[in-house]
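Residues in the sequence shown are numbered from 1 upward in steps of one, following my numbering.
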Amino acid sequence: MNEIEELSGLSFRISIIGFGAVGQGLAKVLLSKRETLQRMGIDIRVVAIADSVSLLKGSEGIDLEKALQAKEVSGRVGEEIDTGDGAREVLESVEHDLMVEATPTDIRSGEPALTHILRALASGKHVVTSNKGPFIHNHATLIETARKNDLMLRYEATVGGAMPIINLIQENLAGNTIERIEGVLNGTCNYILTRMADERLDYQHALLEAQELGIAEADPSYDVMGIDSASKLVILANTAYENDATFDDVKITGITEITPEALELAEKNGYTIRLIGEATRDRLVVAPKLVSKRHPLAIRGTLNIATIHTDLSKTITVSGAGAGSIETASAILSDIIHIYKRHEIKKGGGD
Ligand SMILES: NC(=O)c1ccc[n+]([C@@H]2O[C@H](COP(=O)([O-])OP(=O)(O)OC[C@H]3O[C@@H](n4cnc5c(N)ncnc54)[C@H](OP(=O)(O)O)[C@@H]3O)[C@@H](O)[C@H]2O)c1
């Protein structure tokens, strides 16, 4: 009996749309956790993978090692597609239960992920995504579409990579009133500020160092202008307050004007400077702030951290790696497992 026959006919079939760092990270995690998942009685099969130019299908479950190898060798995961729309082809031609959306973020239009997610929900698929883009202007529409179709849309990986915050707010802190959320939500900015303070570097030198280490992009504006932090803050606020704030509601100041002198003065008084995102029900701000060096928000390096102030649980602080393909895939896997379990319970309940 081969491995696929050994698994019951009740497998949970997923597609992966976008096979870059995160999509491939998920494939690696599914491979490395195969035995753990089997022990948990969880049978997840990837039945389709799409990148921007190609598509790989396998109704019995794709060999993920081969898929990773093909992508590495040829830059394509499967057969070239003429339509340029692998997600649509997957939805129209591959039976599955859940789509993982991991295409690049476009914070203005949310596309192509917005269309992918809405189409997946309209055709009966649960969705897990790491893509912030669709949520920045369309949070309420997405949540409502999932609810209307009686499907789950999980997005833990959109904020803070592996740092568990979305599901913490929605599940562990359910029933609490969230009074305020504040956090360091961008690892690149935090690295630059840490290095400026430690080595008395000016902003340009610290940025250059971050770029050389691959921590900052060649065009760093998305991070250093506070745009990335603001996008994440919008997602956190909409999750906590169930409203429909958009990117335009955030007052944003980046870190480009911070001088070594300002950091030195702060240090002398027991403070440092961090780019803090702060959300209350009616106010969203991203700006550099003085933080006591003993405060948890004075976190160092590329880590992310968030503190949630609530009425019942009081103050809860979480931190973790804000990015990284495996760390982000970990958040995606946990969302998939959550949906899988709910899906199994529903089937068991004769739904
Ligand atoms: N990397 C991280 O640490 C991290 C952390 C948290 C969240 N995220 C978010 O997760 C998402 C994926 O990030 P990433 O780092 O994996 O990006 P990436 O390395 O640039 O990969 C993006 C993938 O999407 C594919 N793609 C682009 N347009 C497509 C389309 N229309 N249909 C199907 N596939 C398409 C690309 O195809 P090609 O391979 O053909 O170019 C590529 O495989 C982004 O939204 C990002 O913001 C990333």
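Idealized CB from N, CA, C, for every residue including glycine.
- Taking C-beta atoms under 8 angstroms as the contact rule, T310 and L121 fail to qualify, at a distance of about 30 angstroms.
- The segment 59–141 is shown to contain whole beta strand (DSSP E) runs of 3 or more residues at 98–101 and 126–129, in chain order.
- Contact annotation, I49 with I336: C-beta distance approximately 15 angstroms; criterion of less than 8 angstroms not satisfied.
- Contact between E95 and S54 does not hold, since their C-beta atoms are separated by about 20 angstroms, which reaches or exceeds 8 angstroms.
- Leaving aside the five residues that flank R195 on each side, the residues in its chain whose CB is nearer than 7 angstroms to its CB run, in chain order, L201, A206 and E209.
- For the beta strand (DSSP E) assignment, the uninterrupted runs of no fewer than 3 residues enclosed by the segment 287–319 are, from N- to C-terminal side, 303–310.
- With a 10 Å radius around the Cβ and a threshold of 16 neighbouring Cβ atoms, A218 comes out exposed.
- A distance of 8 angstroms or more separates the beta carbons of V73 and G58.
- Taken from the Cβ of P134, every heavy atom of ligand 1 lies 7 angstroms or farther away.
- Residue pairing from DSSP places E278 in a beta bridge opposite E182 and V285.
- Pairing K66 with G25, the inter-Cα distance amounts to about 14 angstroms.
- Along the segment 170–219, the alpha helix (DSSP H) occurs as fully enclosed runs of 4 or more residues at 187–199 and 203–212, listed in sequence order.
- Here the C-alpha atom of V77 lies approximately 17 angstroms from the C-alpha atom of L30.
- Here the alpha carbons of I305 and I299 stand approximately 7 angstroms from one another.
- No residue range can be given for V159, since it is assigned to no alpha helix (DSSP H) and is classified by DSSP as neither H nor E.
- Counting C-beta pairs closer than 8 angstroms gives three or more between the segment 270–278 and the segment 227–239, which meets the contact rule.
- For A329, no pairing in a beta bridge is given by DSSP.
- The continuous alpha helix (DSSP H) containing A266 extends over residues P260 to K268.
- Note: S15 is bridge-paired with A48 and M99 in the DSSP secondary-structure output.
- Only buried fits I169, as 16 or more other CB atoms lie within 10 angstroms of its CB.
- T246 has its Cβ no nearer than 7 angstroms to any heavy atom of ligand 1.
- When Cβ pairs closer than 8 angstroms are counted between the two stretches, the segment 238–251 is seen to touch the segment 134–149, the count reaching three or more.
- Relative to ligand 1, the nearest heavy atom lies less than 7 angstroms away from the CB of V22.
- It is roughly 14 angstroms from the alpha-carbon of H126 to the alpha-carbon of T115.
- Its Cα nearest to that of D85, the residue D51 stands out among D51, M99, L303 and P296.
- Setting aside the 5 residues that flank it on each side, A21 is surrounded in the same chain by S325, each with a C-beta closer than 7 angstroms to its C-beta; the list follows chain order.
- When only Cα atoms are considered, T253 and K289 end up about 10 angstroms apart.
- Within the chosen limit of 7 angstroms, ligand 1 reaches the beta carbon of D51 through at least one heavy atom.
- Around the CB of G187, 16 or more other CB atoms lie within 10 Å, so the residue is classed as buried.
- The C-beta distance from Y203 to T256 rounds to 6 angstroms, short enough to meet the 8 angstroms contact threshold.
- In this chain, the alpha helix (DSSP H) harbouring L30 covers A21 to S32.
- With a cutoff of 7 angstroms, T302 does not count as near ligand 1, since its C-beta is closer than that to no heavy atom of the ligand.
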